[in-house]
Amino acid sequence: MRKTLSIPSLLIIVGLSLAQMQCSETNAGNKNEAKKDKAAQSDTTNVKDKNNKPDESVPVEVTKIDKGEISSFILLSSNLETERMADVYSRVQGIVERILVEEGDYVEKGQKLLELEAEEHKLAEAGAKVSYDQQTQAFERAEAMFKKQLLSKEEFEQARFSMQNAQIEWEKAKLNLEYTHIEAPISGFIGERLCRPGDRIQVSNKLFSVVNTQDIIAIVHVPEKEIGKIRKSQKAFLTSDNIGDKQFTGWIKRVSPVVDPQSGTFKVTIGVSNKTGKLRPGMFVNVHIITETRPNAVLVPKTAVVYENEAMHVYVVRDSLAHKVKLNPGFQNYAAIEALSDIEAGDKVIVVGQAGLKDQTKVKVVSEKASSL
Numbered sequence: 560m561r562k563t564l565s566i567p568s569l570l571i572i573v574g575l576s577l578a579q580m581q582c583s584e585t586n587a588g589n590k591n592e593a594k595k596d597k598a599a600q601s602d603t604t605n606v607k608d609k610n611n612k613p614d615e616s617v618p619v620e621v622t623k624i625d626k627g628e629i630s631s632f633i634l635l636s637s638n639l640e641t642e643r644m645a646d647v648y649s650r651v652q653g654i655v656e657r658i659l660v661e662e663g664d665y666v667e668k669g670q671k672l673l674e675l676e677a678e679e680h681k682l683a684e685a686g687a688k689v690s691y692d693q694q695t696q697a698f699e700r701a702e703a704m705f706k707k708q709l710l711s712k713e714e715f716e717q718a719r720f721s722m723q724n725a726q727i728e729w730e731k732a733k734l735n736l737e738y739t740h741i742e743a744p745i746s747g748f749i750g751e752r753l754c755r756p757g758d759r760i761q762v763s764n765k766l767f768s769v770v771n772t773q774d775i776i777a778i779v780h781v782p783e784k785e786i787g788k789i790r791k792s793q794k795a796f797l798t799s800d801n802i803g804d805k806q807f808t809g810w811i812k813r814v815s816p817v818v819d820p821q822s823g824t825f826k827v828t829i830g831v832s833n834k835t836g837k838l839r840p841g842m843f844v845n846v847h848i849i850t851e852t853r854p855n856a857v858l859v860p861k862t863a864v865v866y867e868n869e870a871m872h873v874y875v876v877r878d879s880l881a882h883k884v885k886l887n888p889g890f891q892n893y894a895a896i897e898a899l900s901d902i903e904a905g906d907k908v909i910v911v912g913q914a915g916l917k918d919q920t921k922v923k924v925v926s927e928k929a930s931s932l
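This is how it looks when you write it as structure tokens:
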């Protein structure tokens, strides 16, 4: 038996089908619109310039090349010494009663450093004074008798000799008493203290060392092939890894006329200006003896140099392009290299961002550093 659908049922089915088709079309339209919006956003994000092309410029920092002074030098090393250093000994034996200074203290010449027990020396001085007074009185009596011809010349001279000898002994006793106060022989800093209160010291015992840190020198041994470049009063400068980039002014004080045949060197003494007191005897330093100075050199900062196959290059920025230029080096120092050709004052070289660059790479200067050379 065949089943038939009523008209109302058919209308309901057709209505549902149309509604489903309309929803599908709406969802498809929404998806297409979302894709278009996403593509538009992507296009907007990638736009970097007026022509809607990505900006591929490499950001870099540059500095402008300047002219300045640079020198060539002979580089040597040394340990600093002082021209004025004194070890302090006692001139008399005794027991240490009081110490008046410590290591690191600055003292003036003649300043008291230490006191010894002085009782025995006081008694010795008093006894010598009494003996001298007695001999003086005896001489005065002998002189009066000699004038009256009651005393021979030999006896008179003997009385004079005894008085003079007693005076000498008294002077020695006074000195020994003074020597119980031990004084600084030079002005400077106490480098060592080698005694303690209560120690019994002998005249051979070293008590202190005093160091004058103003008269600092560095002794270097220069190869004989450089002998024609060295002269007295020649300029030098010193550096130390312990004091950062600070340079200390120096000059050649003495040049030995003798070449050591075993080492093939000759001794040169460098004087050093140490007004700040930062240099200390014993400190290891690098000594740069200046042999020639060029006052108007084209200076390239070492931070701009790229090394490639033992050659030096820099990148010069012109018209937003990084031009790779070979550096023909001249004199060098710790911060700069002299450019002998191809680089001129006013050129802008890359100091940050040059690693990995190629010639003619497009760059964007984000910062220009002032030259510190």
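Under the working numbering, the residues of the sequence shown are numbered 560 to 932, in order. Beta carbons: idealized from backbone N, C-alpha and C, even for Gly.
Mapping the DSSP letters down to three states, classify residue i as helix, strand or coil.
i	result
Leu672	strand
Thr622	strand
Arg759	strand
Met704	helix
Asn855	strand
Tyr738	coil
Thr585	In this prediction, Thr585 scores a pLDDT of 46, lower than 50, which makes its location untrustworthy; the coordinate-derived value is nonetheless stated afterwards. In the structure shown, Thr585 sits in a helix (DSSP, three-state: H, G or I).
Ala685	helix
Ser721	helix
Gly787	helix
Thr695	helix
Asn868	coil
Val862	Position check: residue 862 holds Thr in this sequence, whereas Val was assumed. Note: Thr862 maps to helix in three-state DSSP.
Lys834	coil
Lys731	helix
Please confirm whether residue i and residue j have their CB atoms less than 8 Å apart.
i	j	result
Lys837	Ile802	yes
Ile786	Phe825	yes
Ser768	Asp646	yes
Ile896	Lys861	yes
Val873	Val617	no
Thr850	Lys784	no
Ser926	Asp625	no
Arg813	Leu639	no
Ser799	Ile741	no
Leu736	Lys681	yes
Ser721	Ala697	yes
Val857	Ala894	no
Just confirm the distance between the C-beta atoms of residue i and residue j, as a whole number of angstroms; I'd bet it's less than 8 Å.
i	j	result
Ser637	Ile778	6 Å
Leu935	Val689	Because the chain spans 560 through 932 in this model, residue 935 falls outside it and cannot be assessed.
Val831	Leu797	6 Å
Ser630	Phe890	6 Å
Val621	Val884	With a Cβ gap of about 13 Å, Val621 and Val884 do not count as contacting.
Thr739	Gly823	Wrong, their Cβ atoms sit about 53 Å apart, outside the cutoff.
Among the residues of its own chain, which have a CB less than 6 Å from the CB of residue i, if the five just before and after it don't count?
i	result
Leu635	Val779, Val846
Phe715	Ala701, Phe705
Enumerate in chain order the residues of its own chain whose CB-to-CB distance from residue i is below 7 Å, with the five nearest sequence positions on each side excluded.
i	result
Ile749	Val660, Glu661, Glu662, Gly663, Asp664, Val666, Phe767, Val769
Met560	Annotation note: pLDDT 39 at Met560 (below 50); position unreliable, coordinate value reported separately. Excluding sequence neighbours, Met560 sits near nothing in its chain.
Straight-line CA distance for residue i to residue j?
i	j	result
Ala732	Ile633	58 Å
Pro820	Val827	16 Å
Val875	Tyr866	15 Å
Lys917	Val924	16 Å
Gln761	Val651	7 Å
Lys791	Ile811	5 Å
Val911	Lys928	10 Å
Asn892	Val859	11 Å
Asn855	Gly915	32 Å
Ala881	Gln919	5 Å
Thr641	Gln793	20 Å
Gly686	Ala703	26 Å
Arg643	Lys671	19 Å
Gln913	Gln773	46 Å
What residues in its chain sit with their C-beta under 8 Å from that of residue i, if we drop five residues either side in the sequence?
i	result
Ala578	Unreliable positioning characterises Ala578 in this predicted model, as indicated by a pLDDT of 47, which lies under 50. The coordinate reading is nonetheless provided below. Cβ neighbours of Ala578 beyond the five flanking positions: none.
Gln708	none
Ile829	Ser637, Ile776, Ala777, Ile778, Val779, Ala795, Leu797, Gly809, Trp810, Ile811, Lys812, Val846, Ile848
Lys864	The question names Lys, but residue 864 in the sequence shown is Val. Met871, His872, Val873, Leu886, Ile896.
Arg752	Ile658, Val660, Glu661, Glu662, Leu766, Phe767
Tyr691	Met722, Ala725, Gln726, Glu728, Trp729
Given 7 Å as the limit, tell me if residue i has its C-beta closer than that to any heavy atom belonging to the ligand NAD.
i	result
Phe720	Annotation note on the ligand NAD: not contained in the displayed structure, which lists no ligands.
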